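*Asks:* Keeping their order, the protein sequence lines are chains A and B. 199 is the number that the UniProt record's numbering gives the last residue of the first sequence; the numbers go up by one with no jumps. 199 is the number that the UniProt record's numbering gives the last residue of the second sequence; the numbers go up by one with no jumps. Yeah, the Cβ is synthetic: ideal placement off N, Cα and C, and Gly gets one too. These figures come from a predicted structure and were not determined experimentally.
Number of protein chains: 2
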Amino acid sequence: MYEGAVQDLIDELGRLPGVGPKSAQRIAFHLLASDETDVRRLAHVLIQVKEKVKFCEICGNVAEEPQCRICRDPRRDLSLICVVEEAKDVVAIERTREFRGRYHVLGGAISPIEGIGPDELRIKELLQRLAGGEIMEIILATDPNLEGEATATYLSRLLRPMGLRVTRLASGLPVGGDLEYADEVTLGRAFEGRRSIDD
Amino acid sequence: MYEGAVQDLIDELGRLPGVGPKSAQRIAFHLLASDETDVRRLAHVLIQVKEKVKFCEICGNVAEEPQCRICRDPRRDLSLICVVEEAKDVVAIERTREFRGRYHVLGGAISPIEGIGPDELRIKELLQRLAGGEIMEIILATDPNLEGEATATYLSRLLRPMGLRVTRLASGLPVGGDLEYADEVTLGRAFEGRRSIDD
Chain A
1 MYEGAVQDLI DELGRLPGVG PKSAQRIAFH LLASDETDVR RLAHVLIQVK EKVKFCEICG
61 NVAEEPQCRI CRDPRRDLSL ICVVEEAKDV VAIERTREFR GRYHVLGGAI SPIEGIGPDE
121 LRIKELLQRL AGGEIMEIIL ATDPNLEGEA TATYLSRLLR PMGLRVTRLA SGLPVGGDLE
181 YADEVTLGRA FEGRRSIDD
Chain B
1 MYEGAVQDLI DELGRLPGVG PKSAQRIAFH LLASDETDVR RLAHVLIQVK EKVKFCEICG
61 NVAEEPQCRI CRDPRRDLSL ICVVEEAKDV VAIERTREFR GRYHVLGGAI SPIEGIGPDE
121 LRIKELLQRL AGGEIMEIIL ATDPNLEGEA TATYLSRLLR PMGLRVTRLA SGLPVGGDLE
181 YADEVTLGRA FEGRRSIDD
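Take a look at the structure:
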């Protein structure tokens, strides 16, 4: 145990995800040895992020204005919505530069174990967006795991009767990976989704 | 890339030791989803730690008063000084309850690669403490690695001519470990430092 403020900082840092007691101690001593301006800047951005960052009223992505950068962008294709679990998935997809539509952030995935059902996700808001009639295709980009698949299945059953095109991101071998290291489910999916090479 | 404040927070978190870009992103989104009071408390302890925490004028340990808790404690044995590299080593040794003297925190170890020589460490301050004449033994508890050993060797050559008892913590097999997993240097040290079992 350290004296007052040092221990308080170690305790607070230890509450962050992925920061164990040893890392919390290392970070605390790093901050003790840092310039006061650096530490004040970190404290400042922490407060800023809570004051400034809101969630986009259209898609639920993080935003500093009522609407996020993507929903405000007039060049985005309004007929396409890509449904993701979290705001960080938006960033991952934006990095590919493959998608020119808009997003819808669910805020998680269906998980009976964690007590998350469809009502806990932003599905009602998605249906409201569809009411406008301009949307032609919904791309389900939830995570390729149990919860993500369950959520995609739930949404496709809900949306398909509405006459929309509902698609799911392809599963298969990761590019640059070794076939022998692929798990059997991924390898199975890669067979299932195989394409002619003159494609 | 995220919008303004979120990206600023990810950048600042990414500067902390042991926090890579992925962890910084995970922590930032955790904080976004946290209660504002929790985030404000973290910001507050960051500022507190820089405002309140000083270094003990005697030993260099962290302290919230001019002298640390240990140097202020009248029950500690004034004839013994344990020399360590960092304040976190003090906490590790205190946990053993084996040592009842006082400490001296060097602020690092001699490392020619990192450009740290004896002048960068609190060695002058150690010599000043010895001038009082009440100190009988110096225990060198620097890390059992290259830099720590070099520092211990340097200090023992400096201090021994002063007529003090200079000791070094024992090296050997870690308690509870498996002999077969010990590296050869540690195993060699364990042989070198072997003791009669009637000890």
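Answer yes or no: does any C-beta atom of chain B fall closer than 8 Å to that of residue 106 of chain A?
*Replies:* The residue labelled residue 106 of chain A in the question sits at position 106 within the first sequence. Closer than 8 Å: no.
*Asks:* Report the three-state DSSP secondary structure of residue 34 of chain A (helix, strand or coil).
*Replies:* For this step, residue 34 of chain A is matched to residue 34 along the first sequence. Note: residue 34 of chain A maps to coil in three-state DSSP.
*Asks:* Which chain A residues sit within Cβ distance under 7 Å of residue 25 of chain B?
*Replies:* In the second sequence, counting from the first residue as 1, residue 25 of chain B sits at position 25. Going along chain A in sequence order, the residues near residue 25 of chain B (Cβ under 7 Å) are 88.
*Asks:* Over the uninterrupted beta strand (DSSP E) stretch that includes residue 168 of chain B, give me the two end residues.
*Replies:* In the second sequence, counting from the first residue as 1, residue 168 of chain B sits at position 168. Taken as a continuous stretch (DSSP letters only), the beta strand (DSSP E) holding residue 168 of chain B covers 165 to 168.
*Asks:* Are at least three pairs of beta-carbons, each pair with one atom in the segment 66 to 79 of chain A and one in the segment 15 to 32 of chain B, less than 8 Å apart?
*Replies:* Output reads no: the segment 15 to 32 of chain B does not touch the segment 66 to 79 of chain A.
*Asks:* Note down, in chain order, every chain B residue with its Cβ under 7 Å from the Cβ of residue 17 of chain A.
*Replies:* Taking the first residue of the first sequence as position 1, residue 17 of chain A is located at position 17. Those are 26, 27, 30, listed as they occur along chain B.
*Asks:* Out of A:100, A:106, A:187, which has the shortest C-alpha to C-alpha gap to residue 126 of chain A?
*Replies:* Along the first sequence, read from residue 1 onward, the residue named residue 126 of chain A stands at position 126. Of A:100, A:106, A:187, the residue nearest in Cα terms is A:106.
*Asks:* Exposed or buried, which one is residue 89 of chain B when buried takes at least 16 other CB atoms within 10 Å?
*Replies:* As a first step, residue 89 of chain B must be located in the second sequence, where it is residue number 89. Looking at its Cβ environment, which holds 16 or more other Cβ atoms inside 10 Å, residue 89 of chain B is buried.
*Asks:* Keeping to the same chain, check which residues put their C-beta closer than 6 Å to that of residue 52 of chain B; ignore five residues upstream and five downstream.
*Replies:* The residue given as residue 52 of chain B occupies position 52 in the second sequence. So the list reads 64, once near-sequence residues are dropped.
*Asks:* Checking the sheet assignment: what are the DSSP bridge partners for residue 63 of chain A?
*Replies:* Here residue 63 of chain A refers to the residue found at position 63 of the first sequence. In the DSSP output, where bridge partners are listed per residue, residue 63 of chain A has A:54.
*Asks:* Any idea what DSSP makes of residue 23 of chain A, helix, strand or coil?
*Replies:* Position 23 of the first sequence holds residue 23 of chain A. In the structure shown, residue 23 of chain A sits in a helix (DSSP, three-state: H, G or I).
*Asks:* Note down, in chain order, every chain A residue with its Cβ under 7 Å from the Cβ of residue 5 of chain B.
*Replies:* Taking the first residue of the second sequence as position 1, residue 5 of chain B is located at position 5. The contacting residues are 45, 48, 49, 52, 53, 64.
*Asks:* Cα separation between residue 55 of chain B and residue 60 of chain A?
*Replies:* The sequence position of residue 55 of chain B within the second sequence is 55, counting from 1. The sequence position of residue 60 of chain A within the first sequence is 60, counting from 1. In a straight line, the C-alpha of residue 55 of chain B is about 47 Å away from that of residue 60 of chain A.
*Asks:* Quick one: does residue 199 of chain B have its CB under 8 Å from some CB of chain A?
*Replies:* For this step, residue 199 of chain B is matched to residue 199 along the second sequence. Confidence at residue 199 of chain B is low in this model, with a pLDDT of 46, below 50, so the placement of that residue is unreliable and no value is reported for it.
*Asks:* Grab me the residues of residue 122 of chain B's own chain with a C-beta within less than 8 Å of its C-beta, minus the 5 sequence neighbours each way, in chain order.
*Replies:* Along the second sequence, one-based indexing puts residue 122 of chain B at 122. 60, 104, 105, 106, 107.
*Asks:* Hey, would you say residue 137 of chain B sits closer than 8 Å to residue 186 of chain B, going by beta carbons?
*Replies:* Here residue 137 of chain B corresponds to residue number 137 of the second sequence, with the count starting at 1. Here residue 186 of chain B corresponds to residue number 186 of the second sequence, with the count starting at 1. No, the pair does not count as a contact, with Cβ atoms beyond the cut-off.
*Asks:* For the UniProt domain "Toprim" (79 to 174) of chain B, list the alpha helix (DSSP H) runs that are entirely contained and at least 4 residues long, ordered along the chain.
*Replies:* Correct list: 87 to 96, 123 to 130, 146 to 159.
*Asks:* Verify whether the separation of the beta carbon atoms of residue 170 of chain A and residue 142 of chain A is less than 8 Å.
*Replies:* Numbered from 1 along the first sequence, position 170 holds the residue referred to as residue 170 of chain A. Numbered from 1 along the first sequence, position 142 holds the residue referred to as residue 142 of chain A. Cβ distance not < 8 Å, so residue 170 of chain A and residue 142 of chain A don't count as in contact.
*Asks:* Tell me whether residue 146 of chain B is buried or exposed, calling it buried when 16 or more other Cβ atoms sit within 10 Å of its Cβ.
*Replies:* Within the second sequence, the letter at position 146 stands for residue 146 of chain B. Residue 146 of chain B is exposed by the Cβ-count criterion.
*Asks:* Nearest to residue 111 of chain A by CA position, among A:139, A:133, A:82, A:148, is which residue?
*Replies:* Here residue 111 of chain A corresponds to residue number 111 of the first sequence, with the count starting at 1. When only C-alpha atoms are compared, the closest one is A:148.
*Asks:* Consult DSSP for residue 41 of chain B and reduce its assignment to one of helix, strand or coil.
*Replies:* Start at 1 with the first residue of the second sequence, and residue 41 of chain B comes out as number 41. Three-state result, residue 41 of chain B: helix.
*Asks:* Beta carbon of residue 8 of chain B, beta carbon of residue 48 of chain A: below 8 Å?
*Replies:* As a position in the second sequence, residue 8 of chain B is number 8, starting the count at 1. As a position in the first sequence, residue 48 of chain A is number 48, starting the count at 1. Cβ atoms of residue 8 of chain B and residue 48 of chain A: closer than 8 Å.
*Asks:* Please report the distance separating the alpha-carbon of residue 79 of chain B from that of residue 14 of chain B.
*Replies:* Counting from one through the second sequence, the residue named residue 79 of chain B turns up at place 79. Counting from one through the second sequence, the residue named residue 14 of chain B turns up at place 14. Going by the C-alpha atoms only, they are around 44 Å apart.
*Asks:* On a Cα-Cα basis, can you pick out the residue from B:6, B:101, B:85 that is closest to residue 77 of chain B?
*Replies:* Reading the second sequence from its first residue, position 77 is the one you call residue 77 of chain B. Per the Cα distances, B:101.
*Asks:* Buried or exposed for residue 2 of chain B, going by 16 or more other Cβ atoms inside 10 Å?
*Replies:* For this step, residue 2 of chain B is matched to residue 2 along the second sequence. Residue 2 of chain B should be labelled buried.
*Asks:* Determine the closest residue to residue 34 of chain A out of B:41, B:17, B:29, with distance taken between C-alpha atoms.
*Replies:* Within the first sequence, the letter at position 34 stands for residue 34 of chain A. Comparing Cα positions, the closest option is B:17.
*Asks:* Checking contacts by CB at 8 Å: is residue 8 of chain B closer than that to chain A?
*Replies:* As a position in the second sequence, residue 8 of chain B is number 8, starting the count at 1. Chain A, which has a Cβ nearer than 8 Å to the Cβ of residue 8 of chain B, makes this yes.
*Asks:* Is any beta-carbon of chain D found at less than 8 Å from that of residue 103 of chain A?
*Replies:* The structure shown contains no chain D; its protein chains are A and B.
*Asks:* Near residue 39 of chain A, which residues of its chain fall below 6 Å by C-beta distance, leaving aside the five closest residues on each side in sequence?
*Replies:* Looking up residue 39 of chain A in the first sequence gives position 39. So the qualifying residues of the chain are 31.
*Asks:* At a cut-off of 7 Å, would you count residue 8 of chain B as near the ligand SAH, judging by its Cβ distance to the nearest heavy atom?
*Replies:* By its list of ligands, the structure shown contains no ligand whatsoever, and the ligand SAH lies outside what it can speak to.
*Asks:* Which residues in the same chain have their Cβ closer than 7 Å to the Cβ of residue 120 of chain B, if we skip the five residues on either side of it in sequence?
*Replies:* Sequence index remark: in the second sequence, residue 120 of chain B carries index 120 (1-based). Correct list, in chain order: 108.
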